[in-house]
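Chains as they are written, first to last, in the numbering used here: chain A, 1 to 331; chain B, 332 to 662.
2 protein chains.
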Amino acid sequence: MKPTIKDIAAKTNLSIATVSRVLGHKQGTYSAKAEAKVLQAARELGYRKNTVAVELVKKRADVLAVIINATPTNFSTDIIDGIQERAGQLGQQVIILYAGNREAPLQHQAINTALQRNVSGILLVAIEPDATDRELLQAAQVPFCFVSLNLDDQNIKSVSSNNHDLAYQATEYLIAHGHTRIGLAGIDDYHTGRQRLAGYQAALANHQIMADPAWVQRGNYSYQAGQAALSPYRSLGVTAVLAASDMVAAGLLTAAQGQHLTLPQDLSIVSIDGTIICDITTPALTSVTQDFREIGRQGVNRVMGQAAQTIIPVTLTERASVAELDQLETK
Amino acid sequence: MKPTIKDIAAKTNLSIATVSRVLGHKQGTYSAKAEAKVLQAARELGYRKNTVAVELVKKRADVLAVIINATPTNFSTDIIDGIQERAGQLGQQVIILYAGNREAPLQHQAINTALQRNVSGILLVAIEPDATDRELLQAAQVPFCFVSLNLDDQNIKSVSSNNHDLAYQATEYLIAHGHTRIGLAGIDDYHTGRQRLAGYQAALANHQIMADPAWVQRGNYSYQAGQAALSPYRSLGVTAVLAASDMVAAGLLTAAQGQHLTLPQDLSIVSIDGTIICDITTPALTSVTQDFREIGRQGVNRVMGQAAQTIIPVTLTERASVAELDQLETK
DNA sequence: CTGAAAGCGCTAACAA
DNA sequence: TTGTTAGCGCTTTCAG
């Protein structure tokens, strides 16, 4: 039914080998006449190459698999844009596999799907691998790279912002604005969260601020986590919070407004990510902004073996969610 | 290098046929003993089935391709959740192909990629097909379905909200709240935009409101489009705007606040979509809320041939962005 | 219940 | 420059 190179061969009185050559653009191995005939026949028959067959014989698919989960955050489109851009330049197709909401079986399944198709590389976006995931990945002879997540293991490829530095910068910024009772909200208890926690603690320690452990409210980077974090802070006299993501910041902000707090006077917020969410809230959120597009691009480079373990710099974007504390009275 | 069924056959002294049968779970065609031997050998060898080979011989891939573009909106994750959920139930894998930002070549490429892999179906999420896209799709013997977009052609499968009704409801709501000078912002000039425009116009006509054409500000559903729409409205005495998406509404809202308008008193907004963006803004956005998850689920049903052309109902979610106009003075 | 053998659509030696 | 041929790894008749 669907035409194959055989049909083209029959129609042109050429061998399938010649047809394959012109369709594969093996320049110099066929005559202009053969080329013309094949191309025309292909057009007439509505021929389309069967990629599956090609992949089988070549034992290689020029495909990058991107495994991604439904993070409660919203930065993944930028990362994917970056991936797509660079992958296109390197002649790789991109297929995105979806791993649900941190659901282990779906993560395994996505990895297996990628592996079973001999993709040329796997990019794991914001995925915390469990033991099974790591085994699957290690056992296969396929390059993989964690993107927007750093496993602390120099031997495992990754591209991300420097989470320690990122939290450190944000905390320093708040301290520079007179805050000393500073919360950290919404981080998880895995690599990213722990790295950010360390940066936050380092900045506080750097200024001899004795942190109250209750200043750290864990969560999953979601809007809901931000909302939940507010009320504990109110009794702690916290004047500023570093939010683990824009979504956490937004949750914190709407919860605060629900309690009739005035921002930033009653509560300053610095957010991590710097997506468009920061512009949408009132007041706009000051953020440590990650370069997600570049993270995506470099992820491709890394998995295609063109770059070393990579840290992408962040920038601090001042908007309107931090108050200078000097002239204000701490509660 | 990578083990194949041949290796398992050699190791177990069985034929590759038998190995294939147990690995394919062709129950009743092999003995328990054979099964045990094969399974163990497979485990020991770290065998993983080569999906590409299977797809070649079966001439069929149990894969649904989802083609999606980087819409400036943000509802796609919900749709994908729904797709994934239903696809899983039907034993279909899902691969997501990314079509850039309404870029024709990338759209063709994504469609071709799907077609070249004989996927069992193609779901196009919020994709406006051009002539080439439609030809490609029609020519192939692969079921496809537009999701969150309705082409007005009863013969083409689609699942979406009723755009006419959705705009009609929103407009009626504003009229019921005393508004008569009502804008429509951010719609595109394709199917979705035109359908919503018609619904908006129908509601106005229904109340003998003579609409000023300038009340309609076109755009691409983006935050920027919302921001750009504000200033024209100020000179037109518009008291309320129906925003074509949550992002448009957010843009409108921040632009209005930038002009020191008080919302909703100075400008009421109803948004279309009802994503989490509506909760994040101040005031929260009243919206006509689409059931994106269900749209995704039904998209799978439709493409797998289990449902007819489908309209998913919407609901109006009242939040805080619409003022009752009775007791207020129109500018 | 098991094995032998024929392909799926294509590429890549190897000959001609 | 072109054709012949042998597979890629798997499923599936058809015999046994």
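We put the beta carbon where it would ideally sit given N, CA and C, even for glycine.
Separation of residue j from residue i, as counted between CA atoms
i      : j      : result
A:Q27  : B:F477 : 39 Å
B:A529 : B:G517 : 14 Å
A:T4   : B:L468 : 19 Å
B:I398 : B:G452 : 11 Å
B:A341 : B:V350 : 10 Å
A:A114 : A:I96  : 10 Å
B:L594 : A:T281 : 14 Å
B:V450 : A:R297 : 28 Å
A:A140 : A:I111 : 10 Å
B:E660 : A:R234 : Only weak support is given to the placement of B:E660: the predicted model assigns it a pLDDT of 46, under 50, and the value that follows is read from those uncertain coordinates. Taking the straight line joining both Cα atoms gives about 40 Å.
A:G237 : B:C609 : 30 Å
A:T51  : B:V631 : 24 Å
A:L149 : A:E128 : 8 Å
B:K691 : A:E103 : Because chain B here runs from 332 to 662, residue 691 of chain B falls outside it and cannot be looked at.
A:I370 : A:S31  : Because chain A here runs from 1 to 331, residue 370 of chain A falls outside it and cannot be looked at.
A:E294 : B:M332 : 35 Å
B:A534 : B:A498 : 8 Å
A:T254 : B:D412 : 26 Å
A:L325 : A:L267 : 10 Å
B:L583 : B:Q447 : 43 Å
A:P283 : A:T239 : 16 Å
B:H439 : B:G514 : 35 Å
B:A396 : A:T275 : 28 Å
Contact set for residue i: own chain, Cβ-Cβ below 7 Å, skip 5 residues either direction
i      : result
A:Q327 : Because A:Q327 carries a pLDDT of 49, less than 50, the predicted location of this residue cannot be relied on, and no value is offered for it.
A:M304 : L90 and G121
A:T180 : I209
A:N101 : N69 and A70
B:Y504 : V601 and L647
B:A581 : Y554, G557, I608 and T612
B:L592 : L598
Local Cβ density within 10 Å of residue i, reported as buried at 16 or more and exposed below that
i      : result
B:N486 : exposed
B:Q423 : buried
A:K331 : Residue confidence is low: A:K331 scores 38 on pLDDT, short of 50, so the model does not pin down where it sits. Its coordinate-derived value is still stated next. By the 10 Å Cβ count, A:K331 comes out exposed.
A:Q259 : exposed
B:A507 : exposed
A:H207 : exposed
A:S76  : buried
B:A367 : exposed
A:T132 : exposed
B:I644 : Residue identity check: residue 644 of chain B is Pro in the sequence provided, not Ile. By the 10 Å Cβ count, B:P644 comes out exposed.
B:T360 : exposed
B:S492 : buried
A:D130 : exposed
A:A228 : buried
A:A256 : buried
Other residues of its chain near residue i: CB distance less than 6 Å, five sequence neighbours each side excluded
i      : result
B:A373 : I339
A:T73  : Y221, S245 and M247
B:A501 : L573, V601 and V619
A:A225 : G186, G219 and V248
B:G524 : I518
B:E386 : A392
B:F623 : F406, D409 and I410
B:A654 : P595, Q596 and S599
B:T617 : V601, E649, R650, S652 and V653
Closest residue to residue i among the options (Cα-Cα distance)
i      : options                           : result
B:L345 : B:A545, B:A365 and B:Q629         : B:A365
B:V394 : B:T343, B:V473 and B:Q438         : B:V473
A:G46  : B:E466, B:V383, B:A560 and B:N632 : B:E466
A:L39  : A:T51, A:H164 and A:R21           : A:R21
B:Y429 : B:R417, B:V456 and B:T585         : B:V456
A:T315 : A:D165, A:V54, A:Q109 and A:Q116  : A:D165
B:G419 : A:G82, A:D78 and A:L106           : A:L106
A:D212 : A:P232, A:K6 and A:Q227           : A:P232
A:D189 : A:Q217, A:Q201 and A:A53          : A:Q217
B:Y531 : B:A384, B:Q621 and B:N494         : B:N494
Neighbourhood of residue i by C-beta, 8 Å cutoff - its chain only, sequence neighbours within 5 removed
i      : result
A:D152 : H191 and Q195
B:R633 : C476, K488, S489, V490, A639, Q640 and T641
Residue i Cβ short of 7 Å to the ligand SAH heavy atom set
i      : result
A:I312 : Annotation note on the ligand SAH: not contained in the displayed structure, which lists no ligands.
Exercise. Count the CB pairs spanning the segment 59 to 66 of chain A and the segment 22 to 36 of chain A that are closer than 8 Å, and state whether there are at least three.
Key: no
Self-check item: Touch test, the segment 590 to 608 of chain B against the segment 635 to 655 of chain B, Cβ-Cβ under 8 Å, three pairs minimum
Solution: yes
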